[in-house]
Structures are given as C-alpha cells and as structure tokens.
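J.: Residue numbers (numbering that gives the first Met the number 0): 0 to 500.
Glycine included, C-beta positions come from ideal geometry on N, C-alpha and C.
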Amino acid sequence: MGGPLRRWRPSALSLRSRLVLLSLVLVLLGLAVSDTVVLGSVRGRLVQRVDQQLERYGGPLAQRLGTEGVPEPSRVRPGNRPWLPSQFVVAFASADGRISDQFRLPVAAGDPRPLWPRLDADALAGRLGKPFDVASDHGGGRWRVLIVPVTATASPAGGTSPAGVVVAASLDDVSSTTSRLSTAFWLIGAVVAALLGAAAWFAVGAGLRPLRRIEATAVEIAEGRPLSHRMPAASPHTEAGRLASALNGMLAQIESAFAARAESEEQMRRFVADAGHELRTPLAGIRGFAELHRMGALPGEADVRRTMARIESEAVRLGGLVEDLLTLVRTEELRPVQLAPMDLRTLAVDALHDTTALDPTREVALTGPGGDGPPAAAPVLGDEARLRQVVANLVGNAVAHTPPGTPVRIGVGAQGGHGVLEVADEGPGLTQAQAARVFERFYRTDASRTRAGGGGAGLGLSIVAALVAAHSGHVELDTAPGRGATFRVRLPLVTPPGRPG
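1) Within 10 angstroms of the Cβ of G43, are there 16 or more other Cβ atoms? Answer buried if so, exposed if not.
2) Would you give the residue range spanned by the beta strand (DSSP E) that E222 belongs to?
3) Using a 10 Å radius around the Cβ and a threshold of 16 neighbouring Cβ atoms, would you call I213 buried or exposed?
4) Report the rounded CA-to-CA distance for R286 versus L365, giving the unit in angstroms.
5) To the nearest angstrom, how far is it from the Cα of V24 to the Cα of L207?
6) Just tell me which of G381, R241, S135 and A256 has its CA closest to the CA of V336.
7) So is G96 buried or exposed if we call it buried at 16+ other beta carbons inside 10 Å?
8) Under the three-state reduction of DSSP, which class applies to F184: helix, strand or coil?
9) Given this structure, state the Cα-to-Cα distance separating V493 from G459, to the nearest angstrom.
10) Can you list, in chain order, the residues of its chain with a C-beta nearer than 7 Å to that of A508? Leave out the 5 residues immediately preceding and following it.
11) Within 10 Å of its beta-carbon, does V389 have 16 or more other beta-carbons around it, so buried, or fewer, so exposed?
12) Whose CA, out of G140, P491 and S174, lies closest to the CA of L38?
13) Using beta-carbon positions only, say whether A124 and R143 come within less than 7 Å of one another.
14) Closer than 7 Å by C-beta to G370: which residues in its own chain qualify, once you throw out the five before and the five after it? Chain order, please.
15) Under 8 Å, with one C-beta from each stretch per pair, do the region 303 to 311 and the region 347 to 357 reach the 3-pair mark?
16) Given that a residue counts as buried once 16 or more other Cβ atoms are within 10 Å of its Cβ, and exposed if not, what is H236?
17) Leaving aside the five residues before and after G412 along the sequence, list all residues of the same chain whose C-beta is less than 7 Å from its C-beta, in chain order.
18) Quick test of your reading: L246 and M267, contact by CB under 8 Å. State the CB separation rounded to the nearest angstrom.
19) Exposed or buried, V560, counting other C-beta atoms within 10 Å across all chains shown (16 or more means buried)?
20) Residues in its own chain within less than 6 Å of G483 by CB, not counting five upstream and five downstream?
21) Check each candidate in W200, V398, L21 and L346 and name the one with the smallest Cα separation from A384.
22) Could you tell me which residues DSSP puts in a beta bridge with G381?
23) Taking CB distances under 7 Å as the criterion, tell me whether R117 reaches chain D.
24) Looking only at its chain, what residues have a beta carbon closer than 8 Å to the beta carbon of P225, apart from the 5 residues adjacent to it on each side?
25) Rounded to whole angstroms, what is the Cα-Cα separation between V88 and V133?
26) According to DSSP, which residues form a beta bridge with S135?
27) Please report the residue range of the alpha helix (DSSP H) in which D121 lies.
28) Where does A413 sit, in a helix, a strand or coil, going by DSSP?
29) Of the residues G29, D121, V147 and S99, which one's Cα is nearest the Cα of Q52?
30) Rounding to the nearest angstrom, what Cα-Cα distance links L64 and T177 in this structure?
31) I'd like the span of the alpha helix (DSSP H) that includes R436, first residue to last.
32) Taking 7 Å as the cut-off, decide whether the C-beta atoms of V315 and L490 are in contact.
33) Which residue's Cα is closest to the Cα of K129: V488, H473, E54 and A391?
34) Can you look up G428 in the DSSP assignment and give me helix, strand or coil?
35) Please name the residue or residues paired with L490 in a DSSP beta bridge.
36) Taking Cβ positions, are V218 and R15 nearer each other than 7 Å?
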C-alpha cells in the first residue's frame, strides 16, 4: 500500500505534472476566494433589500399601532390587506421582552414560522431597530427579523400599544438565489479548471521540450556517445538555454580533463619505457663486465683495472640518471622550493668559471641580456641550490652539444620585470621541430648536435624547465640552424626594500 501512495507524492511526480497541478491549485484557490467574495456581496445586498422592505413596512405599522393599538384577531384576515402583507410575519413584543400574537397571511397549518428568541427587557432594548436572523420552527429555513419600537399616544384607539412591533420576512428567496449562484460558480470553476489544465499541460510540455532534448542528449552521452557531443542550443535568455550552456561548459571541461589524463598516461608510458631503456644500458654494461670477471676472461691485472674502471663509470652514469629522475619526481610533486633573496649575477659568474673548467679552449663572455652592455643586477627570490642546478645543466648542455672551442656567452640582467639569465652558444643550432621538443624527457637531437663523451639521457633540459616553473618563471629557446642556440631563463624580479615597485 505504501508503494502507490509514494508514487502519488508531489516529489514523485514529473515537473510537468507538478507545474500543472500547482497552476490548477492556484486557479481553483483564486476562484474559490473570488466566488466567496461575490456570493457574500450578493447575499449582503439581498439581505439589505429585505431589511429595507422590513423598515418600509415596520415603520408605518409601528406608528399605526401607536395610534390604534393592537388589532383584534378578527380584524386580521385575508381580505384585510392594509394590516398584513402575505410575505411578512408580524408579532408584538411586550415591555418585558415576550413576543406574542403572531400573524401571517395566508395562514396555513404547515407553513414554517419564525422561532422567536427569548428576550428580556434589556435584550429587547438592545435589538430595537437592528435587523437580525432567526431560525425557522421547522424546515431549516431562516428569517430576517426587525423589531420596530412603538411610541404609544395618550389613548390608543384600539387599546394598549406593544413595546415594539416584530416584523419578519423569510430568507428562502435569498438562500435560493445564492444557492443557484454557488452552483453556477462551481460549474464555471470546473469548466475553467478543465480548460486551463488542458492548456497548461500542452503549454508546459512545450516549455519543457528543450529540457527533454537536453535529457535525451545526456542519456546518449551516458550510453557511450563521445564527450565531444554537445547539448542542443537554446535561447540564452531562458533557463533551458542557460542550463544547456552550463552543461556544454562542463562537458568541455570533462573532455579536456580526459584528454589531459590520456596525454598524461601516454607521457607516463613513454617516460617509463624511456627510463627503462636508459637504465638498462648501464646495468647491462655492469652485468657484462662482472660476468667476464667471474668467468676468468680477464687474465691480466691491467684488464681487471680497466674493467673495474668501466664498471665504475657505468655506475656513475647510472647514479646520475637516477638522481635526474628523482629530481623530476620531486619537482612534479610540487615540493616547495626554499626561496630567499639572491642576485642572478652570482650564478652567472660561477657559470663562467664552470664553462672554462669544462673546456678551457672555449671563449666565454659575460654580458647583459642579449649581449648588450655589461652584466647587470637581477634580484630575484630563488632556491640557490636548485637554480645552480639549472645553470649547470644549461652550461653542460652547451658544452656537450657544440664542437670544442665553440664560443659561449652568459648574459644576466633585468628585462621586462624579470631577472634574466641566458646561456648562448655559436654551435650548429636546432631546427624548429627539434626546438619544439627539446624540453621533453629523454629527447635527444640528431647528430647535428654532437654529444661529446657519449651524451646524457635527455633529462637535463626537462629538469631545467621543471625547476624554473617551480620558481614561477619560464625558459625560452631562441635558435635556428647555423646560428647557435640561446637558452633564456626568466624569473620574477623582487623589488629591494625602500625602492618603489
């Protein structure tokens, strides 16, 4: 039993059904209020007309009773119209509030009569001249009653005068009229509600049609349609249009996130494959030399020393590769760098000495950015150890990928709100395709950039880009075949204390 009841709860109905029901409830409520007001107004006007009739008849009758006194019953008969119209019931109230001597024409035994209230002198005084309702003695009808005070003359001609004349008129006509009006209102309300319900059903259905299209599109996407599919367009001035726009924006974000995730997974697969390849080479060399020694294939002391030296060099190479990988991982984990005020000129001077130590045959120059003028101050916030690794990798890259004796220029200074440190060589340069991938992990250029001493694993420039990004900076590469390569590091300048920004 609870199941069907739950299905009929408002929250279980469709939006279309709820809107139609709400509109019907509001309309029916409005009709009920307006009908009640109209019926009350009509009844009030009809009762007011009855009161006026009672006053028009009761006033002259009270004056006549004050002059002539209470008439004898024999004088009140069907032919004696001046005394008693047939639509009224007349009675007389004594000074103590008792109502007696009720008259009505025509008189029939079964006719309903007013059920007079029990009054005392004070209650009678309070009701004089004020119309009020009383019940019928049978039949369930109502009567409108008016007690008009009688002012007796010194010697009424007909005997004693009552304290008041009670005039009553039936409200059956009023009740009948209001009942017919009420029935008409109910019929009109039913017809209006039916027509409005039908019109609202189709109107709301038409208004919700864009939402149904959005729903159908969402179902298609949930069932496997590509995320590139979008919600149907609708007017941006409507709720459905704004919803479609918001859902399209959300789909674009989700699609972008999935694409980025797929790209990241592909990069991770390439990274693992490249790392495995790079690690396998020194490990294979170490294992091979160890097996030669185990099998006794190194008879002489000189052969053993040479083999141990090769094992040591491969182990050093393997250790460097592992350190580079760890550096990349730590950088991607967004471990905070230890920032402190420093000047890039210090790193530039040290880079000049490092380059000279790596290749004494090279001409090394220290200039400002772009080779213009002398080196200038470049105050930044940086982690000195990490930035030294950046500069060391750039210098090592210039030495490793250019012929011996190739000049190298190191520039440092401030430019465009950034501290700039650049390492430029006059080597063979890079093509546009090579420059676009030079910061990728494990990427190596072709033979046009010779790698002295066997080269590295292709992680140096990746580490440079990651460490500079951790300092909220970026790396630029300016190169072309035959005109060398310039790697330019840009970091945000820090304003010294006491100097305007």
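T.: Let me lay it out:
1) Within the sequence shown, numbered from 1, the residue matching residue 43 stands at position 44. By the neighbour-count definition (other C-beta atoms within 10 Å, threshold 16), G43 is an exposed residue.
2) For this step, residue 222 is matched to residue 223 along the sequence shown. Careful: E222 lies outside any beta strand (DSSP E) and carries neither H nor E.
3) Here residue 213 corresponds to residue number 214 of the sequence shown, with the count starting at 1. Per the 10 Å Cβ criterion, buried.
4) For the purposes of this step, residue 286 is taken as the residue at position 287 of the sequence shown. For the purposes of this step, residue 365 is taken as the residue at position 366 of the sequence shown. Each residue's alpha carbon lies about 45 Å from the other.
5) By one-based count along the sequence shown, residue 24 stands at place 25. By one-based count along the sequence shown, residue 207 stands at place 208. Cα to Cα, V24 sits roughly 20 Å from L207.
6) In the sequence shown, residue 336 corresponds to position 337, counting from 1. Measuring from the Cα of V336, the nearest candidate turns out to be G381.
7) For the purposes of this step, residue 96 is identified with residue 97 of the sequence shown, where counting begins at 1. G96 should be labelled buried.
8) For the purposes of this step, residue 184 is identified with residue 185 of the sequence shown, where counting begins at 1. Note: F184 maps to helix in three-state DSSP.
9) Position 494 of the sequence shown, counted from the first residue, corresponds to residue 493. Position 460 of the sequence shown, counted from the first residue, corresponds to residue 459. If you take the alpha carbons of V493 and G459, they lie about 27 Å apart.
10) Not covered by the structure: residue 508. The range shown for the chain is 0 to 500.
11) Taking the first residue of the sequence shown as 1, we reach residue 389 at position 390. Around the beta carbon of V389, 16 or more other beta carbons lie within 10 angstroms, which makes this residue buried.
12) Residue 38 sits at position 39 when you count from the first residue of the sequence shown. Taking the Cα of L38 as reference, the smallest distance to any Cα among G140, P491 and S174 is reached at S174.
13) What you label residue 124 is simply residue 125 of the sequence shown in a count that begins at 1. What you label residue 143 is simply residue 144 of the sequence shown in a count that begins at 1. Cβ distance not < 7 Å, so A124 and R143 don't count as in contact.
14) Residue 370 sits at position 371 when you count from the first residue of the sequence shown. The residues are R408 and G410.
15) No, because fewer than three Cβ pairs between the region 303 to 311 and the region 347 to 357 fall closer than 8 Å, the two stretches do not touch.
16) Your numbering for residue 236 matches position 237 in the sequence shown. Taking all protein chains shown into account, H236 has fewer than 16 neighbouring C-beta atoms within 10 Å of its C-beta and is therefore exposed.
17) Locating residue 412 in the sequence shown gives position 413, counting from the first residue. So the qualifying residues of the chain are G367, P368, P374, A375, A377 and V419.
18) If you number the sequence shown from 1, residue 246 lands on position 247. If you number the sequence shown from 1, residue 267 lands on position 268. Incorrect: roughly 31 Å between the Cβ atoms, too far for contact.
19) The requested residue 560 is not part of the displayed model; the chain covers only 0 to 500.
20) By 1-based counting over the sequence shown, the position of residue 483 is 484. Cβ neighbours of G483 beyond the five flanking positions: D424, E425, G426 and G428.
21) What you label residue 384 is simply residue 385 of the sequence shown in a count that begins at 1. Checked all of W200, V398, L21 and L346; the closest Cα to A384 is L346.
22) Locating residue 381 in the sequence shown gives position 382, where the first residue counts as 1. A339.
23) Checking the listed chains, one finds no chain D in this structure; it contains a single protein chain.
24) For the purposes of this step, residue 225 is taken as residue 226 along the sequence shown, with counting starting at 1. In its chain, beyond the 5 residues on either side, no residue has a beta carbon closer than 8 Å to the beta carbon of P225.
25) Against the sequence shown, residue 88 aligns to sequence position 89. Against the sequence shown, residue 133 aligns to sequence position 134. Using only the alpha carbons, I get a separation of about 13 Å.
26) Position 136 of the sequence shown, counted from the start, is the residue given in the question as residue 135. Beta-bridge annotation (DSSP): S135 is paired with P113.
27) Here residue 121 refers to the residue found at position 122 when the sequence shown is read from its first residue. First-last of the alpha helix (DSSP H) with D121: A120 to R126.
28) For the purposes of this step, residue 413 is identified with residue 414 of the sequence shown, where counting begins at 1. Here A413 sits in strand by DSSP.
29) Start at 1 with the first residue of the sequence shown, and residue 52 comes out as number 53. Comparing Cα-Cα distances from Q52 to each of G29, D121, V147 and S99, the minimum goes to V147.
30) Along the sequence shown, read from residue 1 onward, the residue named residue 64 stands at position 65. Along the sequence shown, read from residue 1 onward, the residue named residue 177 stands at position 178. Distance between the alpha carbons of L64 and T177: 35 Å.
31) Numbered from 1 along the sequence shown, position 437 holds the residue referred to as residue 436. Taken as a continuous stretch (DSSP letters only), the alpha helix (DSSP H) holding R436 covers Q431 to R436.
32) Along the sequence shown, read from residue 1 onward, the residue named residue 315 stands at position 316. Along the sequence shown, read from residue 1 onward, the residue named residue 490 stands at position 491. It is not a contact, given that the beta carbons lie outside the stated cut-off.
33) Taking the first residue of the sequence shown as position 1, residue 129 is located at position 130. Among V488, H473, E54 and A391, the Cα nearest to that of K129 is on E54.
34) In the sequence shown, residue 428 corresponds to position 429, counting from 1. In the structure shown, G428 sits in coil (DSSP, three-state: anything other than H, G, I, E or B).
35) In the sequence shown, counting from the first residue as 1, residue 490 sits at position 491. According to DSSP, L490 bridges with G418.
36) Taking the first residue of the sequence shown as 1, we reach residue 218 at position 219. Taking the first residue of the sequence shown as 1, we reach residue 15 at position 16. Contact: no.
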